[in-house]
Ligand code: HEC
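Residue numbers (our numbering): 1 to 452.
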């Protein structure tokens, strides 16, 4: 018995020290930027706080951080930054971005001791660091035919966009990354690829490249965008090749997972490209980066969606009366053994908390994700650290709480009024309650595949 305990505690120690790889000053020595603080900032802040990122200012160098030191201490101590809604006491995810209590006190100590620089000459320059943080060079960049104009009228804008592109030959694709042009405005994108048989599509680039969802009859959208074959029939479509939500960061799946084969004539189809409200006219020039693969995809990725617009409904019907706090559920029996790649919880503005877990046929619980303070602005694609098996016959339970009281600062209406799910409306001021799961059929050994 005892010999089993020793290696276990040793492992736990190892785990504790790598889960926050922070170097601490020696007893009696001060906290220094270059030695102790820069690694924390570079690992948890700079991916957004750089010259290209979604954040409004840079946090990379000693000067960047020292000049905002009080604010940095404040936002980290109050866990406003880095934004990481998932509760780390419940489950951990690959590439998670949150600070340990130890890291937060180190930051505070550094500020209280007068922000000492340490050996800043040994740090890499922002230019070198930013190169490292960028995704790799793609094999192909596919741009929209024209930039999109977002009018400054303070309302959400929902576009359906077509982005045609041709390739010289049939091509294997390993991954597709969406790069938002205007990071503050692009709210979400769900991209599909329509694959035309070359002989059936003579005019790939004709037709409108976008239509406004609210101003067009849904029955004519496909014609207006010229998405049909020459003879009026539909071409096959590969759904959800790429998704984007605020705060999402692109990463590759492990090598043997995912990928597509596409032909010579294709079009990205963005059935709901959503821009948040803006007070001034703005322009967006988002684009796709495509990474080619060298062989046919071995394990294609599938997706299911439960709750709003999903395989099983929200119960009871998603409707929250004015001044009410209400809890809703989604219950989904898993029909086959699956390995989960990604969990995407989704709610809108008055979402308060989100909790998902699975109960195995044996009665054991598999924790999925818990978000105690839902924040509409930070909706990530959460990837378990290793592929997560959910055996057939398990039941996924999701619980969502919505707060439609005036005290909720995120309530879009004052005074509050009834907020509901309306015909799958995607308007931010209506509500949604969804869990989107990407997965592959389970295979022996999957639990050992790392998503980091
Ligand atoms: C996922 C992207 C992201 C990460 C990671 C991130 N930030 Fe931010 N940060 C933002 C954005 C965007 C804003 C602009 C305000 C907002 O939208 O909340 C911001 C705002 C701030 C502000 C200004 C707050 C204010 O009230 O003016 C500070 C300070 C800050 N971040 C510090 C940090 C620190 C320190 C870290 C790391 C420990 C960090 N951020 C990590 C995206 C990020």
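All C-beta atoms, glycine included, are put in the ideal place defined by N, C-alpha and C.
Going by the C-beta, is residue 306 closer than 7 angstroms to any heavy atom of ligand 1? no
Does residue 222 come out as helix, strand or coil in the three-state DSSP assignment? helix
Tell me, please, which residues DSSP counts as bridged to residue 399. 329, 355
With a threshold of 16 other CB atoms inside 10 Å of the CB of residue 448, please say whether the residue is buried or exposed. exposed
Local conformation of residue 454 per DSSP, three classes: A query on residue 454 cannot be resolved here, the shown segment of the chain reaching from 1 to 452 and no further.
Best match in 359, 365, 350, 379 for proximity to residue 417 [C-alpha to C-alpha]: 350
Would you mind giving the Cβ-Cβ distance between residue 321 and residue 404, rounded to the nearest angstrom? I have them listed as a contact below 8 angstroms. 7 angstroms
Counted within 10 angstroms of its Cβ, other Cβ atoms place residue 114 as buried (16 or more) or exposed: exposed
Pull up the distance between the alpha-carbon of residue 109 and that of residue 97, whole angstroms please. 21 angstroms
Within its chain, find whatever has a CB closer than 6 angstroms to the CB of residue 205; leave out the 5 residues flanking it on each side and keep chain order. 164
Taking the alpha helix (DSSP H) that residue 97 belongs to, which residues open and close that run? Unbroken run through residue 97: none, as it is neither H nor E.
Just curious, the alpha helix (DSSP H) that residue 448 is in, first and last residue? Segment: none, residue 448 is in no alpha helix (DSSP H) and carries neither H nor E.
Bridge partners for residue 177 per DSSP, in chain order? 289
What did DSSP end up calling residue 187 once you bin it into helix, strand or coil? strand
Using the Cβ count rule (16 or more neighbours within 10 Å means buried), how would you classify residue 280? exposed
So within the segment 194-255, which uninterrupted alpha helix (DSSP H) runs reach at least 4 residues, ignoring any that extend past its ends? 221-224
Which residues DSSP lists as bridging residue 305, in chain order: 436
Can you have a look at residue 415 and say buried or exposed, based on whether 16 or more other CB atoms are within 10 angstroms of its CB? exposed
Any idea if residue 190 is buried or exposed, counting beta-carbon neighbours within 10 angstroms, 16 or more meaning buried? buried
Helix, strand or coil for residue 413? Go by DSSP, reduced to three states. coil
Under 7 angstroms from any heavy atom of ligand 1, does the C-beta of residue 55 make it? yes
Residue range of the beta strand (DSSP E) that residue 160 falls in? 157-166
Opposite residue 139 in the DSSP bridges: which residues? Residue 139 is not bridged to any residue.
From residue 14 to residue 100, what does the alpha carbon distance come to, in whole angstroms? Confidence in residue 14 is poor, its pLDDT being 35 and thus under 50, which makes the residue's placement too unreliable to answer from.
Is any non-hydrogen atom of ligand 1 found closer than 7 angstroms to the C-beta of residue 68, if you look at the structure I gave you? yes
Three or more C-beta pairs under 8 angstroms: does that hold for the segment 281-299 against the segment 359-372? no
Rounded to whole angstroms, what is the Cα-Cα separation between residue 249 and residue 361? 34 angstroms
Any 3 or more C-beta pairs closer than 8 angstroms across the segment 309-324 and the segment 204-221: no
CA-to-CA distance, residue 153 to residue 387, given in whole angstroms: 44 angstroms
For the candidate residues 125, 137, 72, 392, whose alpha-carbon lies nearest to that of residue 441? 392
Please list, in chain order, all residues of the same chain as residue 57 whose beta carbon is under 8 angstroms from its beta carbon, the five residues on each side excluded. 49, 64, 68
Secondary structure at residue 120, three-state DSSP: helix, strand or coil? helix
Under the criterion of a Cβ to heavy atom distance below 7 angstroms, does residue 82 qualify as lining ligand 1? yes
Delimiting residues of the beta strand (DSSP E) encompassing residue 266: 265-275
Cβ of residue 72 versus every heavy atom of ligand 1: is any distance shorter than 7 angstroms? yes
How close, in whole Å, do the beta carbons of residue 371 and residue 353 come, if the pair is a contact with beta carbons under 8 angstroms? 6 angstroms
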